[in-house]
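Asks:
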Amino acid sequence: FLAVARLLPLHPEIARQLDKASVIRLAVSYLKLRQLSSTGLPSWCRKPDEEEKKLKQPEAPDLGGLILQAVDGFLMILGTDLTILYISETVSIFLGQSQVDMTGNDLVGYVHTADHAGLIDHTEKLMGRARDEHVALSMENICVRLRSNLGKRNAQVPISGYRTVQLHCQRRVDAGSGQPLGLVALATALPSLALSELYLPANSCVLRLDENFCIVLGDTSKRSNQDMNVSVPSSLYQYIFPQHLEAVRSAHQDVMKLGQTLTLPVGWMPQKQQQQQSYLWVQFCMNALFESKAKQSNRQPKAIIAVAYILG
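The sequence shown: position 221 = 221 (the UniProt record's numbering), numbered continuously.
(1) Do you know how far the Cα of G182 is from the Cα of L82?
(2) Which residue marks the beginning of the alpha helix (DSSP H) containing H252, and which one marks its end?
(3) For the region 197-212 against the region 257-272, do three or more pairs of beta-carbon atoms, one drawn from each stretch, fall closer than 8 Å, so that the two count as touching?
(4) Which two residues bound the contiguous beta strand (DSSP E) that contains G182?
(5) Thinking just about the alpha-carbon of each residue, which of Q253, M256, P265 is nearest to the one in H244?
(6) Is the region 143-151 touching the region 29-40, taking contact as three or more C-beta pairs under 8 Å?
(7) Looking at the structure shown, is F284 part of a helix, part of a strand, or coil, going by DSSP?
(8) For S278, which three-state DSSP category applies?
(9) Using 10 angstroms around the beta-carbon of H116, count the other beta-carbons present and answer buried if the total reaches 16, otherwise exposed.
(10) Could you check the C-alpha separation between T164 and A3 for me, to the nearest Å?
(11) Between which residues of its own chain and A5 is the CB-CB distance below 6 Å, once the five residues before and five after are set aside?
(12) Whose C-beta lies closer than 6 Å to the C-beta of E140 among residues of the same chain, with five residues either side of it excluded?
(13) Taking Cβ positions, are L107 and L78 nearer each other than 8 Å?
(14) Is A5 helix, strand or coil by DSSP?
(15) For a minimum of 4 consecutive residues, which ranges assigned as the alpha helix (DSSP H) are wholly contained in the region 76-100?
(16) Between the beta-carbon of V216 and the beta-carbon of P233, is there less than 8 Å?
(17) Helix, strand or coil: which one does DSSP assign to K54?
(18) For R171, count neighbouring C-beta atoms within 10 Å of its own C-beta (all shown protein chains included) and say buried if the count is 16 or more, exposed if not.
(19) Sorted by chain position, which residues of the same chain lie with C-beta nearer than 8 Å to Q99's C-beta, five sequence neighbours on each side aside?
(20) Would you give the residue range spanned by the beta strand (DSSP E) that Q263 belongs to?
(21) Is L85 close to chain D, meaning its C-beta is less than 8 Å from at least one C-beta of that chain?
(22) Determine which residues share a DSSP beta bridge with G73 and list them.
(23) Do you know offhand how far S177's Cα is from V206's?
(24) Beta-carbon within less than 8 Å of S29's beta-carbon, same chain only, minus the 5 sequence neighbours each way: which residues are those?
(25) Starting from Q17, follow its DSSP beta bridges and name the residues at the other end.
(26) What whole-angstrom Cβ distance do I119 and L190 have, given they're in contact under 8 Å?
(27) How would you write the range of the beta strand (DSSP E) that D174 sits in, first residue to last?
(28) Given a cut-off of 8 Å on the beta-carbon distance, is the pair A303 and L209 in contact?
(29) Where do the ends of the beta strand (DSSP E) carrying residue 318 lie?
(30) Taking 8 Å as the cut-off, decide whether the C-beta atoms of L41 and V173 are in contact.
(31) When you compare only the Cα positions, how much space is there between A175 and E124?
(32) Rounding to the nearest angstrom, what Cα-Cα distance links I240 and W281 in this structure?
(33) Below 8 Å on the Cβ atoms is my contact criterion, and I expect residue 361 with L150 to pass it. Report the Cβ-Cβ distance as a whole number of Å.
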């Protein structure tokens, strides 16, 4: 077992401390990952040609590592049964979980029980789609609560011990048969509800919503708020481009259930420009505020804070 552990892509100190069960679990995951990498479409094991070798600089930084540092989250590669074949080390930053401990285990075991059905339903739909469908249809965005060892007791956290993340999943299929081999998921961690302040860039604004998504407060002091041109009170839905209403309804359900959500970019039609059918691209990060004195199991959001990022 020690000889097998030395063959795994792990630091020698970590490999020496593994027990037999961990060695088998990691070895099986590594072999499945190799198969998914080599037979999937496109291949991740393509050998560079001579021109690429000439252009490649030995001193160039690790691009993959820089991307993971830039993205506020972590990367996962899952099998068809949602077994974690690979997870980046950055999971320890956002969940306090160990990369070695999670690899080879079922992702469902780390998801809150109330989110199991939604996760399985979305992934089954993604796996069942035909190979020749549009590339946008081979992707799913799922908002779930993952087990976290970093959570502190806070009145605004609906369920302690979990953190809400947005999973951007893309299916990977076999190059020959077209059968699904697994999923590549980028998990974006949403801002912690325990934060007392949050930096807002110039292209953002804050809206306060009630449980029916009615805008009850909007800061009009910033230029970005004037661009969005909201009136108080009014429904958030009346500003959304018709084709994106379903995505906003899904986000409404998620924030009421999970306490947080991150929407895809949606079309926002300012009130003055609705007749011209012109719109902005806006992405919302929503956080629910809960009554601190109510029981954790019975608490309902008293308000929703929506940070709108104007993308263009």
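Ideal Cβ placement from N, Cα and C applies to all residues, glycine included.
Replies: According to the structure shown:
(1) Position 82 of the sequence shown, counted from the first residue, corresponds to residue 82. Position 182 of the sequence shown, counted from the first residue, corresponds to residue 182. Roughly 8 Å between the two C-alpha positions.
(2) Position 252 of the sequence shown, counted from the first residue, corresponds to residue 252. Run containing H252: 245-258, per the alpha helix (DSSP H) assignment.
(3) no
(4) Position 182 of the sequence shown holds residue 182. Its beta strand (DSSP E) spans residues 180-189.
(5) Numbered from its first residue, the sequence shown carries residue 244 at position 244. Selected option, being the one with the closest Cα: P265.
(6) no
(7) Within the sequence shown, the letter at position 284 stands for residue 284. F284: strand per DSSP, three-state reduction.
(8) By one-based count along the sequence shown, residue 278 stands at place 278. Coil at S278, not helix or strand.
(9) Taking the first residue of the sequence shown as position 1, residue 116 is located at position 116. The residue is exposed, with fewer than 16 neighbouring Cβ atoms inside 10 Å.
(10) To locate residue 164, count along the sequence shown from 1; it is residue 164. To locate residue 3, count along the sequence shown from 1; it is residue 3. The alpha-carbon atoms of T164 and A3 are separated by roughly 39 Å.
(11) Working through the sequence shown from its first residue, we reach residue 5 at position 5. Once the five neighbours on either side are set aside, the close Cβ partners of A5 are A15, L18, V23.
(12) In the sequence shown, counting from the first residue as 1, residue 140 sits at position 140. Contacts found: H122, L126, C169.
(13) For the purposes of this step, residue 107 is taken as the residue at position 107 of the sequence shown. For the purposes of this step, residue 78 is taken as the residue at position 78 of the sequence shown. Yes, the pair counts as a contact, with Cβ atoms nearer than the cut-off.
(14) As a working note, residue 5 is residue 5 in the sequence shown. In the structure shown, A5 sits in a helix (DSSP, three-state: H, G or I).
(15) 91-94
(16) The sequence position of residue 216 within the sequence shown is 216, counting from 1. The sequence position of residue 233 within the sequence shown is 233, counting from 1. It is a contact, given that the beta carbons lie within the stated cut-off.
(17) Locating residue 54 in the sequence shown gives position 54, where the first residue counts as 1. Caution applies to K54, whose pLDDT of 49 falls short of 50 and renders its modelled position unreliable; the model cannot decide the point.
(18) Here residue 171 refers to the residue found at position 171 of the sequence shown. By the neighbour-count rule (16 or more Cβ atoms within 10 Å), R171 is buried.
(19) Here residue 99 is taken as the residue at index 99 of the sequence shown, counted from 1. Contacts found: I87, S88, E89, V91, S92.
(20) As a first step, residue 263 must be located in the sequence shown, where it is residue number 263. Residue identity check: residue 263 is Thr in the sequence provided, not Gln. Unbroken run through T263: none, as it is neither H nor E.
(21) Absent from the structure: chain D. Only one protein chain is present.
(22) The sequence position of residue 73 within the sequence shown is 73, counting from 1. Paired residues: T188.
(23) On the sequence shown, residue 177 is found 177 positions in, with the first residue counted as 1. On the sequence shown, residue 206 is found 206 positions in, with the first residue counted as 1. Rounded to the nearest whole angstrom, the C-alpha separation of S177 and V206 is 48 Å.
(24) Taking the first residue of the sequence shown as 1, we reach residue 29 at position 29. For S29, where only same-chain residues beyond five positions count, the Cβ hits under 8 Å are T83, I84, L85, Y86, T103, G104.
(25) In the sequence shown, the residue the question calls residue 17 occupies position 17. Partner(s): none; Q17 has no beta bridge.
(26) Here residue 119 is taken as the residue at index 119 of the sequence shown, counted from 1. Here residue 190 is taken as the residue at index 190 of the sequence shown, counted from 1. Before going further, note that residue 119 is Leu rather than Ile in the sequence given. Not really, about 16 Å apart at Cβ, beyond 8 Å.
(27) Reading the sequence shown from its first residue, position 174 is the one you call residue 174. Note, D174: beta strand (DSSP E), 162-174.
(28) Your numbering for residue 303 matches position 303 in the sequence shown. Your numbering for residue 209 matches position 209 in the sequence shown. Yes, the Cβ-Cβ distance between A303 and L209 is below 8 Å.
(29) One cannot answer for residue 318 here, as it falls past the ends of the chain, which runs 1 to 312.
(30) The residue you call residue 41 lines up with position 41 of the sequence shown. The residue you call residue 173 lines up with position 173 of the sequence shown. Result yes, Cβ atoms of L41 and V173 sit closer than 8 Å.
(31) Walking along the sequence shown from the start, residue 175 turns up at place 175. Walking along the sequence shown from the start, residue 124 turns up at place 124. Going from the Cα of A175 to the Cα of E124 covers about 20 Å.
(32) To locate residue 240, count along the sequence shown from 1; it is residue 240. To locate residue 281, count along the sequence shown from 1; it is residue 281. Cα to Cα, the separation comes out at about 10 Å.
(33) Outside the shown range of the chain, which is 1 to 312, sits residue 361, and nothing can be said about it.
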